[in-house]
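Residue numbers (full-length UniProt numbering): 1 to 139. Glycine included, every Cβ here is placed at the ideal spot set by N, Cα and C. Since the structure is predicted, the reported quantities are computational estimates derived from the model, not experimental observations.
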(Lines of atoms letter the chains of each structure in order from A and count residues from 1; the text may use other names and numbers.)
(Lines give C-alpha, C1' and ligand atoms only; values in the text may rest on other atoms or scores of the structure.)
Protein backbone atom coordinates (compact mmCIF):
# COMPACT_ATOMS: atom_id res chain seq x y z
CA UNK A 1 0.00 0.00 0.00
CA UNK A 2 2.64 2.53 1.03
CA UNK A 3 4.85 1.45 -1.86
CA UNK A 4 2.05 2.11 -4.38
CA UNK A 5 1.41 5.51 -2.79
CA UNK A 6 5.13 6.26 -3.01
CA UNK A 7 5.23 5.36 -6.70
CA UNK A 8 2.27 7.66 -7.34
CA UNK A 9 3.90 10.54 -5.45
CA UNK A 10 7.22 9.99 -7.23
CA UNK A 11 5.41 10.17 -10.57
CA UNK A 12 3.67 13.38 -9.47
CA UNK A 13 7.01 14.80 -8.38
CA UNK A 14 8.68 13.91 -11.67
CA UNK A 15 5.83 15.44 -13.67
CA UNK A 16 5.86 18.62 -11.60
CA UNK A 17 9.64 18.91 -11.88
CA UNK A 18 9.47 18.51 -15.65
CA UNK A 19 6.89 21.26 -16.09
CA UNK A 20 8.86 23.72 -13.94
CA UNK A 21 10.72 25.22 -16.90
CA UNK A 22 7.45 26.01 -18.66
CA UNK A 23 6.14 27.69 -15.53
CA UNK A 24 9.36 29.70 -15.18
CA UNK A 25 9.12 30.79 -18.81
CA UNK A 26 5.62 32.12 -18.08
CA UNK A 27 7.23 34.75 -15.79
CA UNK A 28 4.18 34.81 -13.51
CA UNK A 29 5.27 35.34 -9.94
CA UNK A 30 2.23 33.79 -8.26
CA UNK A 31 2.30 30.71 -10.48
CA UNK A 32 6.01 30.25 -9.82
CA UNK A 33 5.59 30.68 -6.06
CA UNK A 34 2.62 28.28 -6.02
CA UNK A 35 4.54 25.73 -8.08
CA UNK A 36 7.51 25.96 -5.73
CA UNK A 37 5.27 25.34 -2.73
CA UNK A 38 3.64 22.37 -4.48
CA UNK A 39 7.04 20.90 -5.24
CA UNK A 40 8.14 21.31 -1.61
CA UNK A 41 4.96 19.65 -0.34
CA UNK A 42 5.33 16.76 -2.77
CA UNK A 43 9.00 16.31 -1.86
CA UNK A 44 8.02 16.14 1.82
CA UNK A 45 5.29 13.59 1.04
CA UNK A 46 7.71 11.47 -1.01
CA UNK A 47 10.27 11.57 1.78
CA UNK A 48 7.71 10.53 4.40
CA UNK A 49 6.49 7.65 2.24
CA UNK A 50 10.08 6.68 1.44
CA UNK A 51 10.80 6.28 5.14
CA UNK A 52 7.64 4.21 5.61
CA UNK A 53 8.49 1.90 2.71
CA UNK A 54 12.08 1.67 3.91
CA UNK A 55 10.84 0.54 7.32
CA UNK A 56 8.60 -2.05 5.64
CA UNK A 57 11.54 -3.34 3.61
CA UNK A 58 13.67 -3.60 6.75
CA UNK A 59 10.94 -5.51 8.59
CA UNK A 60 10.61 -7.90 5.61
CA UNK A 61 14.33 -8.63 5.84
CA UNK A 62 15.43 -6.87 2.65
CA UNK A 63 19.20 -6.53 2.56
CA UNK A 64 20.78 -3.21 3.44
CA UNK A 65 22.42 -3.06 0.00
CA UNK A 66 19.08 -3.46 -1.77
CA UNK A 67 17.49 -0.82 0.42
CA UNK A 68 20.41 1.53 -0.18
CA UNK A 69 20.17 1.04 -3.96
CA UNK A 70 16.41 1.57 -3.86
CA UNK A 71 16.86 4.68 -1.71
CA UNK A 72 19.30 6.17 -4.24
CA UNK A 73 16.71 6.14 -7.01
CA UNK A 74 14.11 7.83 -4.82
CA UNK A 75 16.63 10.35 -3.49
CA UNK A 76 17.77 11.21 -7.03
CA UNK A 77 14.22 12.17 -7.93
CA UNK A 78 13.94 14.25 -4.77
CA UNK A 79 17.30 15.94 -5.43
CA UNK A 80 16.21 16.96 -8.94
CA UNK A 81 13.06 18.46 -7.49
CA UNK A 82 15.06 20.18 -4.72
CA UNK A 83 17.28 21.71 -7.39
CA UNK A 84 14.24 23.01 -9.22
CA UNK A 85 12.86 24.48 -5.98
CA UNK A 86 16.15 26.35 -5.57
CA UNK A 87 15.88 27.68 -9.13
CA UNK A 88 12.30 28.81 -8.52
CA UNK A 89 13.24 30.49 -5.24
CA UNK A 90 16.20 32.20 -6.90
CA UNK A 91 13.90 33.53 -9.63
CA UNK A 92 11.50 34.86 -6.98
CA UNK A 93 14.38 36.45 -5.03
CA UNK A 94 15.67 38.12 -8.20
CA UNK A 95 12.22 39.49 -8.98
CA UNK A 96 11.94 40.89 -5.46
CA UNK A 97 15.40 42.46 -5.77
CA UNK A 98 14.47 44.02 -9.13
CA UNK A 99 11.24 45.37 -7.70
CA UNK A 100 13.08 46.84 -4.72
CA UNK A 101 15.70 48.41 -7.00
CA UNK A 102 13.01 49.99 -9.18
CA UNK A 103 11.23 51.32 -6.10
CA UNK A 104 14.46 52.83 -4.79
CA UNK A 105 15.19 54.41 -8.18
CA UNK A 106 11.67 55.83 -8.36
CA UNK A 107 11.99 57.20 -4.83
CA UNK A 108 15.34 58.81 -5.67
CA UNK A 109 13.81 60.32 -8.80
CA UNK A 110 10.86 61.74 -6.82
CA UNK A 111 13.26 63.17 -4.24
CA UNK A 112 15.36 64.75 -7.00
CA UNK A 113 12.25 66.34 -8.51
CA UNK A 114 11.28 67.69 -5.09
CA UNK A 115 14.79 69.10 -4.56
CA UNK A 116 14.62 70.76 -7.97
CA UNK A 117 11.22 72.27 -7.16
CA UNK A 118 12.55 73.50 -3.82
CA UNK A 119 15.59 75.07 -5.52
CA UNK A 120 13.37 76.77 -8.10
CA UNK A 121 11.14 78.08 -5.33
CA UNK A 122 14.12 79.38 -3.35
CA UNK A 123 15.55 81.00 -6.50
CA UNK A 124 12.28 82.81 -7.22
CA UNK A 125 12.05 83.84 -3.59
CA UNK A 126 15.59 85.21 -3.73
CA UNK A 127 14.87 87.05 -7.00
CA UNK A 128 11.74 88.56 -5.48
CA UNK A 129 13.71 89.61 -2.41
CA UNK A 130 16.43 91.24 -4.54
CA UNK A 131 13.80 93.04 -6.63
CA UNK A 132 11.99 94.24 -3.54
CA UNK A 133 15.23 95.49 -1.99
CA UNK A 134 16.15 97.35 -5.16
CA UNK A 135 12.74 99.04 -5.18
CA UNK A 136 13.05 100.04 -1.53
CA UNK A 137 16.64 101.21 -1.72
CA UNK A 138 16.87 104.57 -3.54
CA UNK A 139 19.59 104.92 -6.08
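For residue 60, three-class secondary structure by DSSP: helix
Residue 50 vs residue 74 beta-carbon contact at 8 Å: yes
Spatial neighbours of residue 23 in its chain, beta-carbon cut-off 7 Å, leaving aside the 5 residues before and after: 31, 32, 35
Any chain E beta carbon closer than 8 Å to residue 47: In the structure shown, chain E does not exist; there is a single protein chain.
Nearest-angstrom Cα separation, counted from residue 87 out to residue 12: 19 Å
For residue 28, three-class secondary structure by DSSP: coil
Run of the alpha helix (DSSP H) containing residue 15, from where it starts to where it stops: 2-18
Where residue 137 falls: helix, strand or coil (DSSP): coil
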